[in-house]
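Residue numbers (the working numbering): 33 to 246.
For glycine and all other residues, C-beta sits at the position ideal for the given N, C-alpha and C.
Note that the structure is predicted; figures quoted are calculated from it, not measured.
Heads up: the structure comes next, in C-alpha cells.
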Amino acid sequence: MSSKEAILSRLRGAATPIAHAPHGWQPWRGADDNARRERFLRMITASHAEILTVQQATLARDLAAWLDGEGISRLACGQGGRWQDDVATACAGRSVLTPTEEFAGWKDELFDVCQAGITHCAGAIADTGTLVLLPDGGEPRTISLVPPCHIALLAASTIADNLAGLVAAGRWQQAMSTNLLLVSGPSKTADIQQTLAYGAHGPSRLLVVLVEDC
C-alpha cells in the first residue's frame with residue numbers, strides 16, 4: 033500500500049457518517065409558520081436588512097408611502113412578477129426603468145440614475161436569513177445588484193427552513209433555474225483595514241417587503 037493509500041484509508045476509518053436528513057439536529061424542526069418567519073426576520077435584520085410588513089391588499093399603498101418617505105423617485109422594475117400591478121401602482125408618477133432590450137441600452141440609466149431596484153423573491157431561507165431570487169429576462173439580476181437600494185418583495189408563505197425545503201416545496205427539481213441568487217443583507221466588505229463598510233460591491237440598503245399572503 034502506498035503512502036497516499038494509507039493516509040486515505042486512515043481518513044476513511046476516522047470519518048463520522050453524516051445523518052441522511054439535512055440539518056436534522058436543530059431544535060426548531062417542526063416549528064410552525066410564525067416561528068419560521070420570526071427566525072427569518074431575526075436572521076436577516078441582524079445583517080442590517082430593513083423590513084416592511086404589509087397586507088397583500090395594501091401592498092401598493094404601503095410601498096408608495098415608503099418610497100415617498102425615502103424620497104425615491106427613480107427606480108428600476110422588472111416585468112412578470114406576482115405583484116407587478118401593485119408595483120406599477122406604487123411607482124405611478126415616478127421615473128421607472130423597465131428593461132426591455134439589450135443591457136447596453138439601459139446600463140447607463142441603471143448605474144447613474146436609478147435610486148432603487150424592485151424585484152420579486154422566489155422564497156426565503158429561515159435558517160440563514162436569506163432571500164432566494166430566480167433572475168430571468170423579465171427581472172434581470174442587475175436590478176437587484178446595481179442600484180443603491182434593493183427592494184425585495186417576499187411572500188410570507190414562501191419562507192422555508194432551508195434551501196432543500198424550498199426546492200422541495202416549489203418542486204424546482206422538475207425545472208431548476210440555471211441562475212439562483214441568494215441575498216442575506218446589503219452588500220458589505222471589511223477588506224480595507226478590517227472596517228465593515230456597506231455598499232462596496234452592490235446595494236448599501238436592502239428593504240424586504242414581507243407580504244402577508246395567507
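Beta-bridge pairing of I157 - partner residues as DSSP gives them | Reading the sequence shown from its first residue, position 125 is the one you call residue 157. BP columns for I157 point to T162 and A192.
Is the CB-CB distance between L198 and A207 below 7 Å?
-> Position 166 of the sequence shown, counted from the start, is the residue given in the question as residue 198. Position 175 of the sequence shown, counted from the start, is the residue given in the question as residue 207. A207 is positioned such that its CB atom lies no closer than 7 Å to that of L198.
Less than 7 Å separating the beta-carbons of L107 and C146?
-> As a first step, residue 107 is located in the sequence shown; it is residue number 75 there, counting from the start. As a first step, residue 146 is located in the sequence shown; it is residue number 114 there, counting from the start. At a Cβ-Cβ threshold of 7 Å, L107 and C146 count as neighbours.
What is the residue span of the alpha helix (DSSP H) that I76 lies within?
-> The count along the sequence shown starts at 1 and reaches residue 76 at position 44. D65 to T77 is the extent of the alpha helix (DSSP H) around I76.
Going along the chain, which residues of its own chain have a beta-carbon closer than 7 Å to the beta-carbon of W138, five neighbours each way excluded?
-> Here residue 138 is taken as the residue at index 106 of the sequence shown, counted from 1. Same-chain partners within the cutoff: L129 and P131.
What's the gap between the Cα of A122 and the Cα of D94?
-> Residue numbering aside, residue 122 sits at position 90 when the sequence shown is read from its first letter. Residue numbering aside, residue 94 sits at position 62 when the sequence shown is read from its first letter. Approximately 8 Å between the Cα atoms of the pair.
CB of N194 within 7 Å of CB of I157, strictly | The residue labelled residue 194 in the question sits at position 162 within the sequence shown. The residue labelled residue 157 in the question sits at position 125 within the sequence shown. Cβ atoms of N194 and I157: closer than 7 Å.
Compute the Euclidean distance between the alpha carbons of E171 and C181, then round it to the nearest angstrom.
-> On the sequence shown, position 139 is the one that residue 171 refers to. On the sequence shown, position 149 is the one that residue 181 refers to. Going from the Cα of E171 to the Cα of C181 covers about 16 Å.
Using the Cα positions of Q205 and G125, report the straight-line distance between them to the nearest angstrom.
-> Residue numbering aside, residue 205 sits at position 173 when the sequence shown is read from its first letter. Residue numbering aside, residue 125 sits at position 93 when the sequence shown is read from its first letter. Each residue's alpha carbon lies about 41 Å from the other.
In terms of alpha-carbon separation, which member of L73, A200, G234 and I104 lies closest to L186?
-> Position 154 of the sequence shown, counted from the start, is the residue given in the question as residue 186. Here the closest residue by C-alpha is L73.
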